[in-house]
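Engineer: Chains as they are written, first to last, in our numbering: chain E, 219 to 331; chain Y, 321 to 467. For each residue, glycine too, the CB sits at the ideal point set by N, CA and C.
1) According to DSSP, is residue 248 of chain E helix, strand or coil?
2) Please state the DSSP three-state secondary structure of residue 434 of chain Y.
3) Could you work out which residue in Y/452, Y/456, Y/454 and Y/347 is closest to residue 397 of chain Y when comparing CA atoms only?
4) Looking at chain E, which residues of the stretch 322–353 of chain Y have a Cβ within less than 7 Å of any of its Cβ atoms?
5) Would you report the Cα separation of residue 302 of chain E and residue 263 of chain E, rounded to the nearest angstrom?
6) For residue 265 of chain E, which three-state DSSP category applies?
7) Measure from the alpha carbon of residue 437 of chain Y to the alpha carbon of each residue in Y/386, Y/369 and Y/451, then state which is nearest.
8) If we define contact as Cβ-Cβ less than 8 Å, is residue 253 of chain E a contact residue for chain Y?
9) In the structure shown, what three-state DSSP assignment does residue 288 of chain E receive?
10) Do you know how far the Cα of residue 345 of chain Y is from the Cα of residue 254 of chain E?
11) For residue 361 of chain Y, would you say it is in contact with chain E, using Cβ-to-Cβ distances shorter than 8 Å as the test?
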């Protein structure tokens with residue numbers, strides 16, 4: 219276990235609801251607001267709040283045309299999500315690597331392999 | 321942050337990706353889209369048997385119908401997938417099958433001087449369209465990891 223944050227780790231995106239939202243948006247050119255609401259089970263206001271946070275960070279773009287609202291992940295958001303996923307994989311890799319957990323290995327104990 | 325939390329976050333990313341892919345490219349398209357778009361194709365091909373404004377009107381009607389049906393499917397799913405998130409090989413094979421059927425049937429009809437060859441070729445293409453759309457869509461909707 220470690221509290222270290224690898225490079226690229228994004229605190230804003232790591233919040234569960236926001237991580238779900240950007241992950242839902244990632245494969246899409248855009249999605250309708252109603253799809254995000256149904257997929258996450260959030261209320262309209264809760265979803266708007268999270269999308270506004272992501273929008274303020276420049277990760278998501280929301281468009282409203284009449285009663286229809288759509289959201290899309292910006293290039294910045296896509297890059298941030300990729301970096302975050304990379305950081306999570308690095309963290310997992312470190313956890314699986316015994317040299318990072320302090321466990322004795324032939325390399326650091328001097329024992330023959 | 322521990323490894324378990326990182327693993328569950330990665331699993332969440334993956335699962336949500338797949339959820340949107342399934343939504344944006346369902347394994348089964350609505351019947352109204354399949355039959356409606358096949359009708360549009362047949363109409364466009366049948367315009368070869370008409371002349372002047374009638375032919376132009378048929379092509380325009382077919383084009384508008386196809387675009388409207390595609391937009392309606394998109395509205396019903398609520399998702400438009402990115403180009404690279406989709407599998408294009410099944411779609412390309414589907415298009416080749418439909419065009420081949422139309423060319424072969426149309427050529428034979430012309431060879432034997434059958435009237436309304438464009439309409440018959442269009443109906444042949446529409447039949448292939450209806451028959452092949454299900455398998456092609458099922459293959460195109462197979463999840464693809466774009467992360």
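Structural biologist: The structure says:
1) strand
2) coil
3) For residue 397 of chain Y, the nearest C-alpha among the options comes from Y/347.
4) For the stretch 322–353 of chain Y, which is checked against every Cβ of chain E, the residues closer than 7 Å are 322, 323, 326, 327, 329, 330, 332, 333, 336, 337, 339, 340, 341, 343 and 344.
5) 26 Å
6) helix
7) Y/369
8) With 8 Å as the cut-off, residue 253 of chain E counts as an interface residue toward chain Y.
9) strand
10) Spanning the alpha carbons of residue 254 of chain E and residue 345 of chain Y requires a straight line of approximately 16 Å.
11) no
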